[in-house]
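Number of protein chains: 2
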Amino acid sequence: MFDNIDKTNISELGEFGLIHHLTQAVELTEASTVKGIGDDAAVLDFANKKTLISTDLLLEGIHFDLRYVPLKHLGYKAVQVNLSDIYAMNGIASQITFSIGLSSKFPLEAVEEIYEGALIACKKFNVDLIGGDTSASAQGLVISVTSIGYAEENEIAYRSGAKEGDLICVSGDLGGAYVGLQLLEREKQIYLENPNIQPDLEGKDYIIERQLKPEARKDVIQLLEALHVKPHAMIDVSDGLASEILHICKASNVGCKLYEDKIPIDPMTYETAREFGLDPTVCALSGGEDYELLFTVPQSDYDKIKGQLDISVIGYITETAEGCNMISKSGHVHEIKAQGWNAFNK
Amino acid sequence: MFDNIDKTNISELGEFGLIHHLTQAVELTEASTVKGIGDDAAVLDFANKKTLISTDLLLEGIHFDLRYVPLKHLGYKAVQVNLSDIYAMNGIASQITFSIGLSSKFPLEAVEEIYEGALIACKKFNVDLIGGDTSASAQGLVISVTSIGYAEENEIAYRSGAKEGDLICVSGDLGGAYVGLQLLEREKQIYLENPNIQPDLEGKDYIIERQLKPEARKDVIQLLEALHVKPHAMIDVSDGLASEILHICKASNVGCKLYEDKIPIDPMTYETAREFGLDPTVCALSGGEDYELLFTVPQSDYDKIKGQLDISVIGYITETAEGCNMISKSGHVHEIKAQGWNAFNK
Chain V
1 MFDNIDKTNI SELGEFGLIH HLTQAVELTE ASTVKGIGDD AAVLDFANKK
51 TLISTDLLLE GIHFDLRYVP LKHLGYKAVQ VNLSDIYAMN GIASQITFSI
101 GLSSKFPLEA VEEIYEGALI ACKKFNVDLI GGDTSASAQG LVISVTSIGY
151 AEENEIAYRS GAKEGDLICV SGDLGGAYVG LQLLEREKQI YLENPNIQPD
201 LEGKDYIIER QLKPEARKDV IQLLEALHVK PHAMIDVSDG LASEILHICK
251 ASNVGCKLYE DKIPIDPMTY ETAREFGLDP TVCALSGGED YELLFTVPQS
301 DYDKIKGQLD ISVIGYITET AEGCNMISKS GHVHEIKAQG WNAFNK
Chain P
1 MFDNIDKTNI SELGEFGLIH HLTQAVELTE ASTVKGIGDD AAVLDFANKK
51 TLISTDLLLE GIHFDLRYVP LKHLGYKAVQ VNLSDIYAMN GIASQITFSI
101 GLSSKFPLEA VEEIYEGALI ACKKFNVDLI GGDTSASAQG LVISVTSIGY
151 AEENEIAYRS GAKEGDLICV SGDLGGAYVG LQLLEREKQI YLENPNIQPD
201 LEGKDYIIER QLKPEARKDV IQLLEALHVK PHAMIDVSDG LASEILHICK
251 ASNVGCKLYE DKIPIDPMTY ETAREFGLDP TVCALSGGED YELLFTVPQS
301 DYDKIKGQLD ISVIGYITET AEGCNMISKS GHVHEIKAQG WNAFNK
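Note that the protein sequences, when read in sequence, are chains V and P. Residue numbers for the first sequence follow UniProt numbering, beginning at 1 and rising by one. Residue numbers for the second sequence follow UniProt numbering, beginning at 1 and rising by one.
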C-alpha cells in the first residue's frame with residue numbers, strides 16, 4: 001500500500017501527540033456543539049429536539065481492502081455510511097466521533113489521509129468531529145464511527161411507520177456500488193497475477209465512485225422537507241433493497257409489492273453487471289452499499305413526489321397477509337428474500 | 001481460550017440473527033431512551049439537559065489479553081471504562097452502544113459471555129444498551145463502546161475549571177490496576193513456560209479485581225451531589241495520576257502541588273509493588289486503569305469533603321508559574337511528568 005521510507009513513525013508522537021496532531025484541523029461549526037475534543041466527553045445541546053445516535057465498525061479485510069481503497073476515500077466513506085443512518089431517521093446529522101486503531105507500522109502520513117477524508121465529509125455535510133479514540137492495533141486497521149444528530153419528535157421516520165397503501169420510494173439508483181466492487185475485485189486479481197498490467201477502469205467512474213465514495217442522501221431529507229413530505233417509514237439501503245424493504249415490512253407489520261421495471265438502475269450498472277454475467281436486478285436487490293434512502297409515503301403525497309427525477313416510486317405497501325413480493329418484468333410474482341451481504345460468511 | 005467442540009458457529013446465524021440473539025435480553029429502563037435497538041439510529045430525549053458523548057476502542061493484543069481476561073469480565077470492563085468518562089464530566093450515564101468485531105472462529109457462546117458482562121454493567125449502572133454494530137473480524141477481537149449521558153449545564157465539570165487554591169482530590173486508591181496487571185502477566189509467563197503450574201494469585205483478589213473488573217465511580221458523583229459539592233474540574237484516572245493532573249493543569253492554565261504521602265495506595269498494592277521491585281508511588285502516578293475520579297474543589301468545600309473515607313485530598317492548585325510538582329515523603333520537590341501508558345510503544 002505504501003512504503004515507510006521518509007515517513008513519520010507514529011510511536012514517536014505517542015497517543016496524545018497523535019491526537020493533537022490529527023485534530024489540529026478540526027473546526028467546530030455546529031450550534032449544537034458545546035464542547036468537542038479535549039475533555040472526557042463531548043457536550044452537546046439539542047434544546048428540545050430528540051437526539052439520534054448510530055454507530056458503525058469498519059474492519060480491514062472485511063469492510064475494505066487497502067489494496068484498492070485509497071485512504072482518503074476510506075475516511076470519507078466511513079463517515080458517509082454512518083451519517084446515512086441519521087438521515088434515514090429523517091434527522092439532521094450534527095456530530096461524529098471517529099475512532100481508529102492502527103498498526104504501529106502505519107506511517108503518520110497514512111493516518112493523516114484517513115482523517116483528511118473524514119474531515120472533508122464532515123465539512124461537506126456540516127458535521128462536527130467531536131471526539132474519538134486513537135489506538136495501536138496489533139492487527140489490521142480498525143475504524144469506528146458514531147454519528148449524532150437531531151430531529152423534532154414528530155418528524156422522525158421509523159422503520160415501523162409504513163401503512164397499507166403507502167407508496168414505496170427510493171432515491172437515486174441501486175446496484176452500482178456492488179457492481180463497482182466486482183470491477184475492483186477483478187482488477188485486483190489481474191494485478192496480483194501480473195503486477196505489470198495496469199487496472200482497466202476507464203469509463204467506469206460512476207460505479208467505481210458508488211463503491212469508493214458513496215454520498216449519504218442529506219439532500220433527499222432536505223428535498224422532502226421542502227416538498228412538505230414526511231415519510232411514514234424510512235431506512236437506508238446498506239444491505240440491498242430486498243433486505244431493507246423486508247426490515248420495513250417486518251417492523252411495520254405490513255406486506256409489499258415491488259415492480260422490477262420500476263427499480264432505478266443506472267445504465268452503466270446495468271451494462272457492467274451484464275459483462276459479469278450478473279442480473280442487474282439481483283445486484284439492486286442484494287448488492288448493498290448504495291446508501292440510498294428507501295421510504296414510504298401516503299398516496300396523497302404522490303403529486304409532490306412524481307416530478308422528482310431523483311426519487312422513484314417502485315411499489316406499494318400491502319396488508320401483511322399478501323406477503324412481500326416483486327412483480328418481474330415478465331409479470332411473474334416472486335417472493336422477496338433477504339440475501340444481503342453476510343460478513344460472517346465471507 | 002476456549003475449544004470449539006459443541007459450540008455454535010456464528011456464521012450459521014448471520015449478522016441479523018446474531019444481533020437478534022444477543023439483544024433478546026436487552027431491557028430499556030431509562031426515561032431518556034425513546035427508541036433503542038432496531039432502527040437506523042437510536043432516539044433519545046434529554047429534555048433541557050446537555051448531552052454527553054464519549055467513545056473507546058478496545059483491541060485484542062493491545063488493551064486486553066484473552067489468555068487471562070475472562071470474556072464476561074471483558075464485556076463488563078469495556079462498559080465501565082467508557083461510563084467512567086461520562087461520570088468524569090459530573091454527568092449521569094444513561095445509554096451505551098456496544099459494537100463488536102469477532103473472528104468467525106469465535107463460537108456464539110463466547111460472544112454471549114461478552115454481552116452478558118456488558119449487560120451486567122448496564123444493569124448495575126442503570127444504563128440502556130441502545131445500539132451497536134456486529135461484524136466479522138479478519139483478525140482479533142474488536143470492541144467499540146460509545147457512552148451517552150446527560151447533565152445540567154451548570155453541573156458539568158470540565159478539565160479546564162481548576163482555580164488557584166483549589167484542593168486536589170481523588171477517589172478510592174491508585175496503582176492497584178497496574179500492579180494487578182504485573183501479577184497476571186507474571187503468571188501468564190510461568191504458565192507459558194510450564195502449563196502444569198497453576199497460577200498463584202491467592203490473596204491477591206483486590207488488585208486482580210482492580211485490573212479485570214474496574215468500577216466506574218458513579219457513587220462518587222452521587223456522593224458529591226449529596227454533599228452539595230460541585231467540582232471545579234474533573235477527569236477520570238485512566239492513564240495514571242501524573243498524566244491526568246497534567247491534563248487538568250494544562251486545560252485550566254494552572255500549576256499544582258501534590259504530596260506523595262497523601263496519595264491513596266492500598267496496602268496490597270503497596271506490598272505487591274514492592275515484591276515486583278516497583279515503587280508504589282510510581283505505580284499510582286504512571287500505572288493507569290484505576291478509573292478513579294480526580295477533581296478539584298474550592299477550599300471552602302474542605303469541611304464537606306474531609307470526613308469522606310473514599311476521598312483523599314492530595315494537594316492543591318497553584319498559579320501556572322509554579323509548575324506541576326510533587327513533594328516527596330522526604331520533602332524533595334519533583335516535577336510531575338506524564339509517563340502514562342503509550343499503546344504505540346508497546
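All C-beta atoms, glycine included, are put in the ideal place defined by N, C-alpha and C. Just so we're clear, the structure is a prediction, and the values are computed from it rather than from any experiment.
| Query | Result |
| --- | --- |
| The segment 24 to 55 of chain V: which residues have C-beta closer than 8 angstroms to a C-beta of chain P, in chain order? | V34, K35, G38, D39, D40, A41, A42, V43, L44, D45, F46, A47, N48, K50, T51, L52, I53, S54, T55 |
| Where V/G203 and V/E209 are concerned, what is the direct C-alpha to C-alpha distance, given to the nearest angstrom? | 11 angstroms |
| Residues of chain P with a CB under 7 angstroms from the CB of V/S99: which are they? | T55, L57, S144 |
| Determine the burial state of V/I168: buried for a count of at least 16 other Cβ atoms within 10 Å of its Cβ, exposed for fewer. | buried |
| Going along the chain, which residues of its own chain have a beta-carbon closer than 6 angstroms to the beta-carbon of V/G176, five neighbours each way excluded? | I207, R210, D266, T269 |
| Which whole-angstrom value is the C-beta distance of V/E292 and V/L108, which I expect to be below 8 angstroms? | Actually they do not touch by this definition, with Cβ atoms about 36 angstroms apart. |
| Going by DSSP, what residues sit across from V/S144 in a beta bridge? | V/L57, V/S99 |
| Quick one: what does DSSP say P/S137 is sitting in, helix, strand or coil? | coil |
| State the start and end residues of the unbroken alpha helix (DSSP H) segment that holds P/H247. | 241 to 252 |
| Answer with buried or exposed for P/K329, where buried requires no fewer than 16 other C-beta atoms within 10 angstroms of its C-beta. | exposed |
| Just to make sure I have the definition right: I need the residues of chain V whose C-beta is within less than 7 angstroms of the C-beta of P/N137. Which are they? | Here the sequence assigns Ser to residue 137 of chain P, which means Asn is not the residue at that position. Simply L59, I62. |
| Considering only C-alpha positions, which residue in the set V/I37, V/E164, V/I190, V/A233 is nearest to V/E322? | V/E164 |
| Who are the neighbours of P/D85 on chain V, taking C-beta pairs under 8 angstroms? | D40, A41 |
| Go to V/G117, then tell me how far its alpha helix (DSSP H) extends in each direction, as first and last residue. | 108 to 124 |
| I think V/L52 touches V/G149, with their Cβ atoms under 8 angstroms apart; what is that distance to the nearest whole Å? | 4 angstroms |
| Along chain V, in chain order, which residues have C-beta atoms closer than 9 angstroms to that of P/A88? | D39, D40, A41 |
| Between which two residues does the alpha helix (DSSP H) carrying P/E225 extend? | 218 to 226 |
| With a threshold of 6 angstroms on Cβ separation, who are the neighbours of residue 359 of chain V within its own chain once the five nearest residues in sequence on each side are excluded? | This structure cannot speak to residue 359 of chain V, because chain V is shown only from 1 to 346. |
| Using the C-alpha atoms, what's the distance from V/Q80 back to V/A121? | 7 angstroms |
| Does any C-beta atom of chain P lie closer than 8 angstroms to the C-beta of V/G288? | no |
| What's the gap between the Cα of P/P199 and the Cα of P/F276? | 16 angstroms |
| By Cβ distance, which residues of its chain are closer than 6 angstroms to P/I311, with the 5 residues on each side in sequence left out? | C169, S171, I305 |
| Just the C-alpha distance for V/V127 and V/G75, rounded to the nearest angstrom, thanks. | 14 angstroms |
| Name the residue from V/L285, V/E215, V/T318, V/K262 whose alpha carbon lies nearest to the alpha carbon of V/L309. | V/K262 |
| Per the DSSP calculation, V/E335 is bridged to which residue(s)? | V/N325 |
| Ignore the nearest five residues each way along the sequence and tell me which others in V/Y302's own chain have a CB closer than 8 angstroms to its CB. | L167, V313 |
| Work out the CA separation of P/D239 and P/I96 for me, nearest whole Å. | 22 angstroms |
| Check V/A177 in the structure and name its three-state DSSP category. | helix |
| Is any beta-carbon of chain P found at less than 8 angstroms from that of V/D205? | no |
| Could you give the distance in angstroms between the alpha-carbon of P/I37 and the alpha-carbon of V/E319? | 25 angstroms |
| Determine the closest residue to V/S54 out of V/N82, V/H73, V/A110, with distance taken between C-alpha atoms. | V/N82 |
| Hey, could you find the ends of the alpha helix (DSSP H) P/L13 is sitting in? | 10 to 23 |
| Report the rounded CA-to-CA distance for P/A216 versus V/D279, giving the unit in angstroms. | 54 angstroms |
| Using the Cβ count rule (16 or more neighbours within 10 Å means buried), how would you classify V/A233? | buried |
| Alpha carbon to alpha carbon, what distance is there between V/L294 and P/H73? | 40 angstroms |
| DSSP beta-bridge partners for P/S312? | P/V170 |
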